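One structure is given below, encoded as structure tokens.
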């Protein structure tokens with residue numbers, strides 16, 4: 001496990017250096033599933049680096065990645081990678097974005113690493129081994145009342161009126177919490193829950209590369225996770241609620257309208 005972790009930590013920081021180097025450049029942008037679902041040539045270049053290096057080092061491993069360069073392969077171990085989580089932030093030069101990598105077996109994530117290059121912050125976790133950043137172990141917050149909590153969420157790319165776009169759930173939660181944020185990077189949101197900076201996070205329609213590394217960090221840092229919607233769920237990704245555990249039931253009840 002330590003060999004996999006060391007490999008991943010070194011590689012993800014190389015990817016982060018690429019993102020830092022290109023941050024001030026004007027990027028070519030294309031759109032994927034909707035007007036709001038952006039991809040740049042930097043996403044593609046970073047993914048190519050990650051995929052090529054994994055295939056060179058571990059040719060027997062499967063790879064599932066956000067952009068279209070990699071495909072899943074039958075393997076006991078599979079890498080889930082998001083080369084740039086927070087593309088819209090990156091395009092606007094907002095320094096809240098990251099690269100996320102998780103190595104999974106058939107039971108879920110074995111390790112997860114998230115690197116936020118704008119502030120050179122590295123998070124990692126291993127199954128049963130805890131969650132960490134460079135300052136030491138991560139621990140979820142001790143906030144136990146919703147009215148004292150800081151919550152973060154995200155919204156789907158499809159936002160047409162009448163669609164299932166999280167606005168109903170958002171309106172249920174807002175009156176009951178101290179603050180709510182929409183930061184634009186699901187992976188980094190989860191890392192911040194693990195680090196005790198956010199007290200809870202929810203989002204629908206997550207993809208596995210968005211969430212697998214971060215959900216392992218939350219779990220290893222003492223938090224709770226649950227599925228709030230199961231559409232497309234892989235290893236727990238889909239519709240996810242992640243909290244410090246102390247506000248989990250109350251926040252879940254708000255989201256479900258119970």
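In the numbering used here, the protein residues as written are 1 to 258. By construction, the Cβ of each residue, glycine as well, lies at the ideal position given by its N, Cα and C atoms. Just so you know, these numbers come straight off a predicted model, no measurement behind them.
Item	Value
Determine the DSSP secondary structure at residue 312, reduced to helix, strand or coil.	Since the displayed the chain opens at 1 and closes at 258, residue 312 lies outside it and no answer follows.
With a threshold of 6 Å on Cβ separation, who are the neighbours of residue 177 within its own chain once the five nearest residues in sequence on each side are excluded?	146, 149 and 151
Apply the 10 Å Cβ neighbour rule to residue 215 and answer buried if 16 or more other Cβ atoms are within range, or exposed otherwise.	buried
Have a look at residue 49 and residue 15 and give me their C-alpha separation to the nearest angstrom.	7 Å
Can you grab the Cα-Cα spacing for the pair residue 44 / residue 258, in whole Å?	42 Å
By how many angstroms is the C-alpha of residue 175 removed from the C-alpha of residue 51?	44 Å
Can you tell me whether residue 12 is helix, strand or coil according to DSSP?	helix
Taking the beta carbon of residue 47 as the centre, do at least 16 other beta carbons fall within 10 Å, making it buried, or is it exposed?	buried
In angstroms, rounded to a whole number, what distance separates the CA positions of residue 33 and residue 53?	Unreliable positioning characterises residue 33 in this predicted model, as indicated by a pLDDT of 47, which lies under 50. A coordinate reading is not provided.
Could you check which residue in 245, 221, 210 and 88 has the C-alpha nearest to that of residue 194?	221
Measure the beta-carbon distance from residue 189 to residue 205 and round it to whole angstroms, keeping in mind my assumption that it falls under 8 Å.	Between residue 205 and residue 189 the Cβ distance is about 14 Å, and since that is not below 8 Å, they are no contact.
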